[in-house]
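Asker:
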DNA sequence: CATTACTTTCAAAATATTTTGAACGTTGAG
DNA sequence: CTCAACGTTCAAAATATTTTGAAAGTAATG
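This is the structure in structure tokens:
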């Protein structure tokens, strides 16, 4: 095969591997995804293992994750017994799945924990010594900052995800970065 | 110490550890940061090692990263020979430093690589067989999608970072993402 | 229902990351 | 200059993650 074609393919696959690793996934996920993405035809597990020179076990496990994250889907090849996969080429879909399934959960969990902390402190205020009350007030301030921060992140994610758009980025670009946007006043964050 | 105060402290520290790990850093970084954040007074390396029950070496190394990422700064305690640290309590500053120093670089690198790929393919088009030209066209399409995607990410990051603001989140909010928010829609999703 | 062609699983091995602590620097005080 | 009190470094040890491959599972086919 032409060496430039090959170079493009390889650097793309490697780059996607780097990206998935950066996002906290295994980089094999990215390389599998990239391999599928750069292949016009669907590929079987064996094809993938062969191409990337990794074991079938690893391909199998990572392909499961890939499917879970909506990065590829099975494809039926008539007359074939093997499973074939094809990449979800709409990156917008991919990123939305990841953001909603993972980052969103992370943020929600953080907010829950913080909420519980605040509640505990408030409920117990009566039992504290003067000294402890001071510390409790300090904690509430810090925890409040964190809450604001996470609520902000949650809002950003939600609005990002709320753009229902389909397969092209045109849909996303009604993202208007210059207009005023009126968020709640809750967004102060005392310097501390 | 009152057990609720303690619980709040610990869950916050643990939560921040989880967060830094999620962001691809060592979780000790988050725990150190959290410990500093939840302590009204600056703390020395020994204090931190003692509080988190980890070695001085680890504290030293991780505090270096923490400083690099603008998550804490040194504080001079008069009459003291030790280094004291205090957390940067403005989370906005922290996230900006991380986004601009790390994610931004990641995206730029990706775009560079993609740009080179495209150029190579275009320059060499003449030398390709018909078969290869077809594949090249396919590659260009895929790579083009990736470019759009990363350019979009870059734009989002830039506009996020362009909000020069100080300690409140008001400055960010001229980011208008879209029409309807639906904070109640369901975020729950298959686990990883 | 037996065979065959695949996929999945999982424990052991390989690899990568993190932690430790003791040795080595550095700085300020005397 | 020497000592004492720190901070930093880094190689070895401890942990955690990833990979492998062989065995077990599954489903289509005859």
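Protein chains in written order, with this note's numbering: chain G, 1017 to 1208; chain L, 1017 to 1208.
Beta carbons are placed, not taken as given, at the ideal position from N, Cα and C, and that holds for glycine.
Does residue 1028 of chain G come within less than 9 Å of chain L when only Cβ atoms are used?
Answerer: Counted from its first residue, the first chain places residue 1028 of chain G at position 12. True, the Cβ-Cβ gap to chain L drops below 9 Å.
Asker: Under a CB-based cut-off of 9 Å, is residue 1034 of chain G close to chain L?
Answerer: Along the first chain, one-based indexing puts residue 1034 of chain G at 18. Yes - at least one Cβ of chain L is within 9 Å of the one on residue 1034 of chain G.
Asker: Got a sec, what are the start and stop residues for the beta strand (DSSP E) residue 1088 of chain L sits in?
Answerer: Taking the second chain and counting its residues from 1, one reaches residue 1088 of chain L at position 72. From DSSP, the beta strand (DSSP E) with residue 1088 of chain L extends over 1088–1091.
Asker: Compile a chain-ordered list of the residues in the region 1112–1126 of chain L whose CB is closer than 7 Å to at least one CB of chain G.
Answerer: So the close ones are 1122 and 1126.
Asker: Exposed or buried, residue 1062 of chain G, counting other C-beta atoms within 10 Å across all chains shown (16 or more means buried)?
Answerer: For this step, residue 1062 of chain G is matched to residue 46 along the first chain. When all chains shown are included, residue 1062 of chain G counts as exposed.
Asker: I'd like the list of long-range same chain contacts for residue 1189 of chain G, defined as Cβ closer than 7 Å, with 5 residues on each side in sequence excluded.
Answerer: Taking the first chain and counting its residues from 1, one reaches residue 1189 of chain G at position 173. Note that residue 1189 of chain G scores 40 on pLDDT, short of 50, meaning its location in the model is unreliable and no value can be drawn from it.
Asker: Is it right to say residue 1137 of chain G is buried, meaning 16 or more other beta carbons lie within 10 angstroms of its own, or is it exposed?
Answerer: Here residue 1137 of chain G corresponds to residue number 121 of the first chain, with the count starting at 1. Burial call: buried.
Asker: Return the bridge partner residues of residue 1154 of chain L from the DSSP annotation.
Answerer: Indexing the second chain from 1 puts residue 1154 of chain L at position 138. Per DSSP, none; premise fails for residue 1154 of chain L.
Asker: Could you confirm whether any beta carbon from chain L is found closer than 9 Å to the beta carbon of residue 1064 of chain G?
Answerer: Numbered from its first residue, the first chain carries residue 1064 of chain G at position 48. So, not an interface residue.
Asker: Alpha carbons only, please: which of L/1099, L/1073 and L/1023 is nearest the one belonging to residue 1057 of chain L?
Answerer: Locating residue 1057 of chain L in the second chain gives position 41, counting from the first residue. Of the listed residues, the one whose Cα sits closest to residue 1057 of chain L is L/1099.
Asker: Measure how close the beta-carbons of residue 1042 of chain G and residue 1036 of chain G come, nearest whole angstrom, since I'm counting them as under 8 Å.
Answerer: Against the first chain, residue 1042 of chain G aligns to sequence position 26. Against the first chain, residue 1036 of chain G aligns to sequence position 20. Right, their Cβ atoms sit about 7 Å apart.
Asker: Kindly say whether residue 1105 of chain L, judged by its beta-carbon, lies nearer than 9 Å to any beta-carbon of chain G.
Answerer: Position 89 of the second chain, counting from 1, holds the residue named residue 1105 of chain L. At least one chain G Cβ lies under 9 Å of residue 1105 of chain L.
Asker: Taking 8 Å as the cut-off, does the region 1099–1118 of chain L touch the region 1070–1088 of chain L (at least 3 CB pairs, one atom from each stretch)?
Answerer: Counting Cβ pairs under 8 Å, three or more are found: they touch.
Asker: For residue 1100 of chain L, write down the residues that DSSP places opposite it in a beta bridge.
Answerer: If you number the second chain from 1, residue 1100 of chain L lands on position 84. Per DSSP, L/1060 and L/1091.
Asker: Output needed for residue 1026 of chain L: all residues of its chain with C-beta closer than 6 Å, excluding positions within five of it in sequence on either side, in chain order.
Answerer: As a working note, residue 1026 of chain L is residue 10 in the second chain. Correct list: empty, nothing qualifies.
Asker: Is the shortest distance between the beta-carbon of residue 1152 of chain G and the beta-carbons of chain L less than 9 Å?
Answerer: Taking the first residue of the first chain as 1, we reach residue 1152 of chain G at position 136. Chain L contact via Cβ: present.
Asker: Three-state secondary structure (DSSP) at residue 1040 of chain G?
Answerer: For this step, residue 1040 of chain G is matched to residue 24 along the first chain. Coil at residue 1040 of chain G, not helix or strand.
Asker: Out of curiosity, what's the CA-to-CA distance linking residue 1028 of chain G and residue 1166 of chain L?
Answerer: For the purposes of this step, residue 1028 of chain G is identified with residue 12 of the first chain, where counting begins at 1. For the purposes of this step, residue 1166 of chain L is identified with residue 150 of the second chain, where counting begins at 1. Approximately 13 Å between the Cα atoms of the pair.
Asker: Over what stretch of residues does the alpha helix (DSSP H) that includes residue 1124 of chain L continue unbroken?
Answerer: For this step, residue 1124 of chain L is matched to residue 108 along the second chain. It spans 1120–1139 - the alpha helix (DSSP H) in which residue 1124 of chain L sits, taken as one unbroken run.
Asker: Which word fits residue 1108 of chain L, buried or exposed, when buried means at least 16 other C-beta atoms lie within 10 angstroms of its C-beta?
Answerer: Position 92 of the second chain, counted from the start, is the residue given in the question as residue 1108 of chain L. Buried, since its Cβ has 16 or more Cβ neighbours within 10 Å.
Asker: What residues from chain G crowd round residue 1158 of chain L, counting only those whose CB sits closer than 8 Å?
Answerer: As a working note, residue 1158 of chain L is residue 142 in the second chain. Chain G residues near residue 1158 of chain L: 1028, 1053, 1054 and 1105.
Asker: Can you find at least 3 beta carbon pairs, one from the region 1110–1117 of chain G and one from the region 1063–1082 of chain G, that sit closer than 8 Å?
Answerer: As far as the Cβ criterion goes, the region 1110–1117 of chain G does not touch the region 1063–1082 of chain G, which means the pair count is below three.
Asker: Can you tell me which of the three DSSP states residue 1018 of chain L falls into?
Answerer: On the second chain, residue 1018 of chain L is found 2 positions in, with the first residue counted as 1. Coil.
Asker: Return the chain-ordered list of same chain residues with a C-beta closer than 7 Å to the C-beta of residue 1070 of chain L, the five sequence neighbours on each side being excluded.
Answerer: The residue you call residue 1070 of chain L lines up with position 54 of the second chain. If we look at residue 1070 of chain L and ignore the five residues flanking it on each side, its Cβ neighbours are 1044.
Asker: Along chain G, in chain order, which residues have C-beta atoms closer than 9 Å to that of residue 1068 of chain L?
Answerer: Walking along the second chain from the start, residue 1068 of chain L turns up at place 52. Near residue 1068 of chain L there are no residues of chain G at all, since even the closest Cβ is about 17 Å away, more than 9 Å.
Asker: Taking C-beta pairs closer than 8 Å, name the residues in chain G that residue 1140 of chain L reaches, listed in chain order.
Answerer: Here residue 1140 of chain L refers to the residue found at position 124 of the second chain. In chain order: 1018 and 1020.
Asker: Taking beta-carbon pairs under 9 Å, can you tell me which members of the region 1074–1092 of chain L lie near chain G?
Answerer: Cβ contacts with chain G: none found.
Asker: Applying a beta-carbon distance threshold of less than 7 Å, which residues of chain G neighbour residue 1038 of chain L?
Answerer: Stepping through the second chain from its first residue, residue 1038 of chain L is reached at position 22. Going along chain G in sequence order, the residues near residue 1038 of chain L (Cβ under 7 Å) are 1040 and 1122.
Asker: Within the same chain, show all residues whose beta-carbon is closer than 7 Å to that of residue 1119 of chain G, passing over the 5 residues directly before and after it, in chain order.
Answerer: As a first step, residue 1119 of chain G must be located in the first chain, where it is residue number 103. The residues are 1173.
Asker: May I have the straight-line CA-CA distance separating residue 1054 of chain L from residue 1154 of chain G, to the nearest angstrom?
Answerer: Taking the second chain and counting its residues from 1, one reaches residue 1054 of chain L at position 38. Taking the first chain and counting its residues from 1, one reaches residue 1154 of chain G at position 138. Distance between the alpha carbons of residue 1054 of chain L and residue 1154 of chain G is about 8 Å.
Asker: At the 9 Å Cβ level, is residue 1129 of chain L part of the contact set with chain G, yes or no?
Answerer: Reading the second chain from its first residue, position 113 is the one you call residue 1129 of chain L. Answer yes: the Cβ-Cβ gap between residue 1129 of chain L and chain G drops below 9 Å somewhere.
Asker: With H, G and I counted as helix, E and B as strand and the rest as coil, what does DSSP make of residue 1106 of chain G?
Answerer: The residue given as residue 1106 of chain G occupies position 90 in the first chain. Coil, per DSSP.
Asker: Taking the C-alpha atoms as reference points, what is the distance between residue 1161 of chain G and residue 1121 of chain G?
Answerer: Walking along the first chain from the start, residue 1161 of chain G turns up at place 145. Walking along the first chain from the start, residue 1121 of chain G turns up at place 105. Each residue's alpha carbon lies about 20 Å from the other.
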